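Structure first, commentary second.
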Amino acid sequence: MDFIVERAKEYVSGEVVPKASGDTQSDAELKSLLKSLQPKIRVFGCGGCGSNTVARLEHEGLFDGTYVKGLAVNTDAQHLLRVNVENKVLIGRSARGRGAGGDPEKGEQAAYESERTLKTEVDDCDLAFITAGLGGGTGTGSAHVVARLARSAGALTIAVVS
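Mapped onto the numbering used here, the consecutive letters of the sequence shown carry residue numbers 7 to 168.
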């Protein structure tokens, strides 16, 4: 206890100068740090139903284009043209933009054919939401492929399907 009292007296008399912390940082450094810690979230809408869901979320202002981004993923080029989404991915060379025709195997094949494109979208994300309807071909067949890619990239992966 005597040590604490003596140390306080030295401090008051000016004999002891407190050390400056070496951890001081400028506002720019702090902003940069916070920016690097911001999680990157991607919402993948697979098929017609999933793409419509992403369009609705975009209409509601959920996406900022940097940290939270939505993507419509479909084999149907006409649907991608009609859906009001900024980021669209037409998958499957074999489908030739004509859709999967309700066949999940064609949807899955299309996703595998476009795996490289899909992988670039999941590589930098920390959290991946996948939304799809399980009544058609593209959503049913491609959602698990997108989920596998996101999971292998280290993203926390959550699917919301109907």
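Note that CB positions come from ideal geometry on N, CA and C, so glycine has one too. This structure is a prediction, so every number in the text was calculated from the model and none was measured.
inquiry  = Gly-51 and Val-79 - do their beta-carbons sit closer together than 8 Å?
reply    = If you number the sequence shown from 1, residue 79 lands on position 73. If you number the sequence shown from 1, residue 51 lands on position 45. Taking 8 Å as the Cβ cut-off, Val-79 and Gly-51 qualify as a contacting pair.
ask   = So, helix, strand or coil for Asn-93, using DSSP?
value = As a first step, residue 93 must be located in the sequence shown, where it is residue number 87. Coil, per DSSP.
request  = Helix, strand or coil for Asp-129, going by three-state DSSP, please let me know.
outcome  = For this step, residue 129 is matched to residue 123 along the sequence shown. Coil, per DSSP.
ask   = Going by DSSP, what residues sit across from Ile-47 in a beta bridge?
value = In the sequence shown, residue 47 corresponds to position 41, counting from 1. DSSP output for Ile-47 lists Val-74 and Leu-133 as bridge partner(s).
query = Does the beta-carbon distance from Thr-144 to Gly-113 come in below 8 Å?
reply = The sequence position of residue 144 within the sequence shown is 138, counting from 1. The sequence position of residue 113 within the sequence shown is 107, counting from 1. Contact flag set, yes.
Residue environment, Gly-142, which counts as buried when at least 16 other CB atoms sit within 10 Å = As a working note, residue 142 is residue 136 in the sequence shown. With 16 or more Cβ atoms within 10 Å of its Cβ, Gly-142 is classed as buried.
task = Assign Glu-12 to buried or exposed, taking buried as 16 or more other Cβ atoms, counted over all protein chains shown, within 10 Å of its Cβ.
result = The residue you call residue 12 lines up with position 6 of the sequence shown. With fewer than 16 other Cβ atoms within 10 Å, it is exposed.
task = Taking all protein chains shown into account, decide if Glu-91 is buried (16 or more other Cβ within 10 angstroms of its Cβ) or exposed.
result = By 1-based counting over the sequence shown, the position of residue 91 is 85. Before going further, note that residue 91 is Val rather than Glu in the sequence given. Classification for Val-91: buried.
query = Can you give the beta carbon distance from Val-49 to Gly-76, rounded, assuming they're within the 8 Å contact cut?
reply = Counting from one through the sequence shown, the residue named residue 49 turns up at place 43. Counting from one through the sequence shown, the residue named residue 76 turns up at place 70. The Cβ separation is near 4 Å, so the contact holds.
Option in Pro-110, Gly-54 and Ile-47 with minimal Cα separation from Val-74 = Walking along the sequence shown from the start, residue 74 turns up at place 68. Of Pro-110, Gly-54 and Ile-47, the residue nearest in Cα terms is Ile-47.
Ala-116 versus Ala-153 - alpha carbon distance = Here residue 116 corresponds to residue number 110 of the sequence shown, with the count starting at 1. Here residue 153 corresponds to residue number 147 of the sequence shown, with the count starting at 1. If you take the alpha carbons of Ala-116 and Ala-153, they lie about 15 Å apart.
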